[in-house]
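Colleague: Heads up: the sequence lines are chains A and B, in that order. Residues 1 to 337, numbered by UniProt numbering, are exactly what the first sequence covers, in order. Residues 1 to 337, numbered by UniProt numbering, are exactly what the second sequence covers, in order.
2 protein chains.
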Amino acid sequence: MDLAPARGAATIEEVAARAGVSRSTVSRVVNGSTAVSPAALEAVRRAIEELQYVPNRAARSLASRQTRAIALVIPEDTDRFFGDPFFGSIVAGIGEVIGESDYVMNMLIASDDASAKALGYLRGGSVDGAIVASHHTSDTFVDRLADAVPVVYGGRPARVRATDHYVDVDNLRGGRDATQYLLDRGHRRLATIAGPADMPAGIDRLQGFRDALADVGLTPVAVEDGDFTEAGGADAMRRILASGEAPEAVFVASDLMARGAFTALREHGYEPGRDVAVIGFDDSAVATSLVPALTTVRQPSHDQGRHMAMMLLDVLAGRATTNTAILPTEIIERASA
Amino acid sequence: MDLAPARGAATIEEVAARAGVSRSTVSRVVNGSTAVSPAALEAVRRAIEELQYVPNRAARSLASRQTRAIALVIPEDTDRFFGDPFFGSIVAGIGEVIGESDYVMNMLIASDDASAKALGYLRGGSVDGAIVASHHTSDTFVDRLADAVPVVYGGRPARVRATDHYVDVDNLRGGRDATQYLLDRGHRRLATIAGPADMPAGIDRLQGFRDALADVGLTPVAVEDGDFTEAGGADAMRRILASGEAPEAVFVASDLMARGAFTALREHGYEPGRDVAVIGFDDSAVATSLVPALTTVRQPSHDQGRHMAMMLLDVLAGRATTNTAILPTEIIERASA
DNA sequence: CTGAAAGCGCTAACAA
DNA sequence: TTGTTAGCGCTTTCAG
Numbered sequence: 001m002d003l004a005p006a007r008g009a010a011t012i013e014e015v016a017a018r019a020g021v022s023r024s025t026v027s028r029v030v031n032g033s034t035a036v037s038p039a040a041l042e043a044v045r046r047a048i049e050e051l052q053y054v055p056n057r058a059a060r061s062l063a064s065r066q067t068r069a070i071a072l073v074i075p076e077d078t079d080r081f082f083g084d085p086f087f088g089s090i091v092a093g094i095g096e097v098i099g100e101s102d103y104v105m106n107m108l109i110a111s112d113d114a115s116a117k118a119l120g121y122l123r124g125g126s127v128d129g130a131i132v133a134s135h136h137t138s139d140t141f142v143d144r145l146a147d148a149v150p151v152v153y154g155g156r157p158a159r160v161r162a163t164d165h166y167v168d169v170d171n172l173r174g175g176r177d178a179t180q181y182l183l184d185r186g187h188r189r190l191a192t193i194a195g196p197a198d199m200p201a202g203i204d205r206l207q208g209f210r211d212a213l214a215d216v217g218l219t220p221v222a223v224e225d226g227d228f229t230e231a232g233g234a235d236a237m238r239r240i241l242a243s244g245e246a247p248e249a250v251f252v253a254s255d256l257m258a259r260g261a262f263t264a265l266r267e268h269g270y271e272p273g274r275d276v277a278v279i280g281f282d283d284s285a286v287a288t289s290l291v292p293a294l295t296t297v298r299q300p301s302h303d304q305g306r307h308m309a310m311m312l313l314d315v316l317a318g319r320a321t322t323n324t325a326i327l328p329t330e331i332i333e334r335a336s337a
Numbered sequence: 001m002d003l004a005p006a007r008g009a010a011t012i013e014e015v016a017a018r019a020g021v022s023r024s025t026v027s028r029v030v031n032g033s034t035a036v037s038p039a040a041l042e043a044v045r046r047a048i049e050e051l052q053y054v055p056n057r058a059a060r061s062l063a064s065r066q067t068r069a070i071a072l073v074i075p076e077d078t079d080r081f082f083g084d085p086f087f088g089s090i091v092a093g094i095g096e097v098i099g100e101s102d103y104v105m106n107m108l109i110a111s112d113d114a115s116a117k118a119l120g121y122l123r124g125g126s127v128d129g130a131i132v133a134s135h136h137t138s139d140t141f142v143d144r145l146a147d148a149v150p151v152v153y154g155g156r157p158a159r160v161r162a163t164d165h166y167v168d169v170d171n172l173r174g175g176r177d178a179t180q181y182l183l184d185r186g187h188r189r190l191a192t193i194a195g196p197a198d199m200p201a202g203i204d205r206l207q208g209f210r211d212a213l214a215d216v217g218l219t220p221v222a223v224e225d226g227d228f229t230e231a232g233g234a235d236a237m238r239r240i241l242a243s244g245e246a247p248e249a250v251f252v253a254s255d256l257m258a259r260g261a262f263t264a265l266r267e268h269g270y271e272p273g274r275d276v277a278v279i280g281f282d283d284s285a286v287a288t289s290l291v292p293a294l295t296t297v298r299q300p301s302h303d304q305g306r307h308m309a310m311m312l313l314d315v316l317a318g319r320a321t322t323n324t325a326i327l328p329t330e331i332i333e334r335a336s337a
């Protein structure tokens, strides 16, 4: 009984030889086929164990035309990916579901400079499907990806095609509700710090804001883009403040930007929640860590992640599934508005 | 001139046929061989373009025995991975270097429940090498990984083997310096909130603390483990405070835990920096976001990431390289100590 | 229940 | 400079 082969990994051939069966039989037990005699099964198992055999994925995927891997593509730069708790939640949700499947999930950061390589990887058949975690309208990248493997988008894609699968939250409604909340508390001079104009989530929340205001015949005091980052939120708030009298209340399209807005407000001598009401969007960990605690629109990111993963699994399994899902948002009242 | 094949991706065979050359010639141009005539090169390029040809990675890697992919393995659960800015820095550093190479990097979250699958993926030849971002002594997982592909560790592995490659920061020295800093400011009753006892980084920082104290004949007032999370840091601080008189100063083995410690201190009526000096470790974004700003030991995580990536690339290329690198730390003085 | 045989799409000698 | 020829390690009919 000798050890594992000195050089390189054991092959199915070696396992077959040691177990005294054919390659086919080894393949059957590896793939859990029932049509194997107990004796053969036992012999093969022993051989696998002794040789520390692990099937070669390239060979397997070449022959079977599937990889049992899915990609989680992040079209953002690393800083934003790690800086915004939103991504953590969504990845956790996806990971939970994929973890219970027999797919492995590999995360790819496809920022501008890395996207060509990532695309080649994906289009070369390295994965059976992909989840794209966020979406910029400028990403021609995802389109080229989508016609190579099944894709599920996080958030409505910029140009929706009939066959697109995606899971979004109701951003329009969320933006509208947040604004209505502010209105209900008697505020009339409202401003907003919006998300990027090239992301549907940013566009929709802003539209909700405008709609709610239009309903009561009001116009925004100011609209500034804050690109979903803390620094961007602070800068946007500064621009709003620089442009004249401070608004009574501001709807900020993400909690992280709201944190920036708090900073900028204080620089100008305004205390958030007392002098200027602030409502955020996300309900991530930063909402509760802020002082005063941030009133915000909760979006179920973790659930969104789960939904996306389940949807992709359905598609891969050829199961019937809806193409889209829109998850509800909810106002979480705290101290800032 | 027809379109790309209706079903499935184009193969090298189809490209060859359309360009009027053999498979080998196509392979040569795809792989950038110089030994191709301008005419053939042009014909092949056109065919590739027209057919939207992308080489199949499984086939390629089966034949060439390499994948041109590396894995970034995260043996942590998702919350900790996204919760601690340390990981963001290190990933950014790694990504920078890998991004310039022709390898693609895929991140694998190998928490306990996902590690078996991840291991199979890795051992099955899906990548040419791996970087393991953090290391728990309990991870038998990484050992089994290491005898399948070249691995570079972030931080000294628990059991160092002669052939191990790793890049660490000087945690022992960092812990010692932090403690000395506190001592130099006249504090004598020192406590520490340590990292997990199953991680070399935690062990070393604690040892540095003990060493510095022992040098001047002092013993710690308290030593509590805070598992590198904010909540863990808060709990540890509470235990320290519950056990008697408050320490004059505390060395906290990570910035995130220091944030938790701030909270716990205030719960007990102590103002960090005024009543109790606090020094952290990392110099991540949380250090500057704290009020008062956190005095801390800076570790060059971004650089560490870069080093790891370069080291792995060296190994994969068969270039000579040192097996280990220890990066220096530095005290960053702010307001909390 | 088992084995033989034919590829999966590509690279890499080797000849020409 | 180019094409021919073998595989890489596995799955998958198809017979038996």
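The beta carbon of each residue, even a glycine, is placed where N, CA and C say it ideally should be.
Return the bridge partner residues of B:Ala-194 from the DSSP annotation.
Modeller: By one-based count along the second sequence, residue 194 of chain B stands at place 194. Answer by DSSP bridge pairing, in chain order: B:Asp-225.
Colleague: Between B:Val-276 and A:Val-91, what straight-line distance do the alpha-carbon atoms span, to the nearest angstrom?
Modeller: Stepping through the second sequence from its first residue, residue 276 of chain B is reached at position 276. Stepping through the first sequence from its first residue, residue 91 of chain A is reached at position 91. Distance between the alpha carbons of B:Val-276 and A:Val-91: 38 Å.
Colleague: What are the residues of the region 282-310 of chain A that lie near chain B, defined by any Cβ-Cβ distance shorter than 7 Å?
Modeller: none
Colleague: For the region 96-127 of chain A, which residues have a beta carbon sitting closer than 7 Å to at least one beta carbon of chain B?
Modeller: Gly-99, Val-104, Asn-106, Met-107, Leu-108, Ile-109, Asp-113, Ala-114, Lys-117, Ala-118, Gly-120, Tyr-121, Arg-123, Gly-124, Gly-125 and Ser-126
Colleague: Against chain A, with Cβ distances strictly below 8 Å, would B:Arg-161 count as a contact?
Modeller: The sequence position of residue 161 of chain B within the second sequence is 161, counting from 1. Not one chain A Cβ lies under 8 Å of B:Arg-161.
Colleague: Between which two residues does the beta strand (DSSP E) harbouring A:Ala-249 extend?
Modeller: Along the first sequence, read from residue 1 onward, the residue named residue 249 of chain A stands at position 249. Note, A:Ala-249: beta strand (DSSP E), 249-252.
Colleague: So, with DSSP's three-state summary, where would you put B:Pro-150?
Modeller: Taking the first residue of the second sequence as 1, we reach residue 150 of chain B at position 150. Residue state, collapsed to three classes: coil.
Colleague: Mapping the DSSP letters down to three states, classify A:Arg-188 as helix, strand or coil.
Modeller: Counted from its first residue, the first sequence places residue 188 of chain A at position 188. Looking at A:Arg-188 - three-state DSSP - the assignment turns out to be coil, as it is neither helix nor strand.
Colleague: Looking at the structure shown, is A:Ala-246 part of a helix, part of a strand, or coil, going by DSSP?
Modeller: Along the first sequence, read from residue 1 onward, the residue named residue 246 of chain A stands at position 246. Here A:Ala-246 sits in coil by DSSP.
Colleague: For B:Leu-327, which three-state DSSP category applies?
Modeller: Taking the second sequence and counting its residues from 1, the one referred to as residue 327 of chain B is at position 327. Residue state, collapsed to three classes: strand.
Colleague: Residues in the UniProt domain "HTH lacI-type" (10-64) of chain A with C-beta within 8 Å of chain B's C-beta atoms, listed in sequence order?
Modeller: Val-54, Pro-55, Asn-56, Arg-57, Ala-58, Ala-59, Arg-60, Ser-61 and Leu-62
Colleague: First and last residue of the alpha helix (DSSP H) that includes B:Asp-79?
Modeller: Mapped onto the second sequence, residue 79 of chain B falls at position 79. Taken as a continuous stretch (DSSP letters only), the alpha helix (DSSP H) holding B:Asp-79 covers 78-83.
Colleague: Where do the N-terminal and C-terminal ends of the beta strand (DSSP E) with B:Asp-282 fall, by residue?
Modeller: Indexing the second sequence from 1 puts residue 282 of chain B at position 282. Annotation: the continuous beta strand (DSSP E) that includes B:Asp-282 extends over 277-282.
Colleague: Quick one: grab the DSSP three-state call for A:His-165.
Modeller: As a position in the first sequence, residue 165 of chain A is number 165, starting the count at 1. It is a strand residue.
Colleague: Using the rule of at least 16 other Cβ atoms within 10 Å of the residue's Cβ for burial, across every protein chain shown, is A:Ala-317 buried or exposed?
Modeller: Position 317 of the first sequence holds residue 317 of chain A. Classification for A:Ala-317: exposed.
Colleague: Give me, in chain order, the residues of the same chain whose beta-carbon lies closer than 6 Å to that of residue 338 of chain A; leave out the 5 immediate sequence neighbours on both sides.
Modeller: Outside the modelled stretch of chain A, which goes from 1 to 337, sits residue 338 of chain A, for which no answer is possible.
Colleague: Skipping 5 residues on each side, what residues in its chain have a beta carbon closer than 6 Å to that of A:Arg-238?
Modeller: In the first sequence, counting from the first residue as 1, residue 238 of chain A sits at position 238. Only Ala-264 meet the Cβ criterion.
Colleague: In chain order, what residues of the same chain lie with their CB nearer than 6 Å to the CB of A:Asp-170, ignoring the 5 residues before and after it?
Modeller: In the first sequence, the residue the question calls residue 170 of chain A occupies position 170. If we look at A:Asp-170 and ignore the five residues flanking it on each side, its Cβ neighbours are Ile-326, Pro-328 and Thr-329.
Colleague: Which ranges would you report for the beta strand (DSSP E) in the region 76-140 of chain A if only whole runs of at least 3 residues count?
Modeller: 104-109 and 129-132
Colleague: Cα separation between A:Lys-117 and B:Leu-313?
Modeller: Here residue 117 of chain A refers to the residue found at position 117 when the first sequence is read from its first residue. Here residue 313 of chain B refers to the residue found at position 313 when the second sequence is read from its first residue. A:Lys-117 and B:Leu-313: Cα-Cα distance of roughly 17 Å.
Colleague: Please list, in chain order, the chain B residues whose beta carbon lies closer than 8 Å to that of A:Gly-88.
Modeller: Within the first sequence, the letter at position 88 stands for residue 88 of chain A. Per Cβ cutoff of 8 Å: Thr-78, Asp-79, Phe-81, Phe-82 and Gly-83.
Colleague: Could you tell me whether any non-hydrogen atom of the ligand ATP is closer than 7 Å to the CB of B:Ala-337?
Modeller: In the structure shown, the ligand ATP is absent, as is every other ligand, since no ligand is present at all.
Colleague: Short check: CB of B:Phe-249 to CB of B:Leu-190, under 8 Å?
Modeller: To locate residue 249 of chain B, count along the second sequence from 1; it is residue 249. To locate residue 190 of chain B, count along the second sequence from 1; it is residue 190. Rather than Phe, the amino acid found at residue 249 of chain B in this sequence is Ala. In contact: B:Ala-249 and B:Leu-190 (Cβ atoms closer than 8 Å).
Colleague: On the criterion of 16 or more Cβ atoms from any shown chain inside 10 Å, does A:Ala-35 qualify as buried, or is it exposed?
Modeller: On the first sequence, residue 35 of chain A is found 35 positions in, with the first residue counted as 1. Looking at its Cβ environment, which holds fewer than 16 other Cβ atoms inside 10 Å, A:Ala-35 is exposed.
Colleague: Under 8 Å between C-beta atoms, does B:Val-223 make it to chain A?
Modeller: Within the second sequence, residue 223 of chain B is the residue found at index 223, counting from 1. Not one chain A Cβ lies under 8 Å of B:Val-223.
Colleague: So A:Thr-179 packs on A:Phe-251, CB below 8 Å; how close in whole Å?
Modeller: Counted from its first residue, the first sequence places residue 179 of chain A at position 179. Counted from its first residue, the first sequence places residue 251 of chain A at position 251. Taking the Cβ atoms as the reference, A:Thr-179 lies roughly 6 Å from A:Phe-251, within the contact range of under 8 Å.
Colleague: Determine, using beta carbons only, whether B:Ala-69 comes closer than 8 Å to chain A.
Modeller: As a working note, residue 69 of chain B is residue 69 in the second sequence. Chain A contact via Cβ: present.
Colleague: Since A:Val-91 meets chain B, which of its residues come closer than 9 Å, beta carbon to beta carbon?
Modeller: Against the first sequence, residue 91 of chain A aligns to sequence position 91. What A:Val-91 touches in chain B: Thr-78, Phe-81, Phe-82 and Ile-109.
Colleague: Touching or not, the region 114-131 of chain B and the region 304-313 of chain B, by the rule of three or more beta carbon pairs under 8 Å?
Modeller: yes
Colleague: Going straight from the alpha carbon of B:Ser-254 to that of B:Asp-282, what length do you get?
Modeller: In the second sequence, the residue the question calls residue 254 of chain B occupies position 254. In the second sequence, the residue the question calls residue 282 of chain B occupies position 282. For B:Ser-254 and B:Asp-282, the distance between alpha carbons rounds to 6 Å.
Colleague: For A:Leu-213, which residues from the same chain have a beta carbon less than 7 Å from its beta carbon, with the 5 sequence-adjacent residues on both sides left out?
Modeller: Reading the first sequence from its first residue, position 213 is the one you call residue 213 of chain A. So the list reads Thr-179, Leu-190, Thr-219 and Pro-220, once near-sequence residues are dropped.
Colleague: Cutting at 7 Å between CB atoms, please list the residues of its own chain near A:Ser-27, excluding the five before and the five after it.
Modeller: Mapped onto the first sequence, residue 27 of chain A falls at position 27. Cβ neighbours of A:Ser-27 beyond the five flanking positions: Ile-12.
Colleague: Give me the Cα-Cα distance between B:Ala-133 and B:Ile-74, rounded to the nearest whole angstrom.
Modeller: Counting from 1 along the second sequence, the entry for residue 133 of chain B is found at position 133. Counting from 1 along the second sequence, the entry for residue 74 of chain B is found at position 74. Answer to the nearest angstrom: the Cα atoms are 5 Å apart.
Colleague: Hey, would you say A:Val-286 sits closer than 8 Å to A:Arg-266, going by beta carbons?
Modeller: The count along the first sequence starts at 1 and reaches residue 286 of chain A at position 286. The count along the first sequence starts at 1 and reaches residue 266 of chain A at position 266. Taking C-beta atoms as the reference points, A:Val-286 and A:Arg-266 fail to come closer than 8 Å.
Colleague: Could you please give me the residues that DSSP links to A:Ala-337 through a beta bridge?
Modeller: For the purposes of this step, residue 337 of chain A is taken as residue 337 along the first sequence, with counting starting at 1. As computed with DSSP, A:Ala-337 is found in no beta bridge at all.
Colleague: Could you name the residues that DSSP lists as bridge partners for A:Leu-72?
Modeller: For this step, residue 72 of chain A is matched to residue 72 along the first sequence. DSSP lists A:Met-107 and A:Ile-131 as partners of A:Leu-72.
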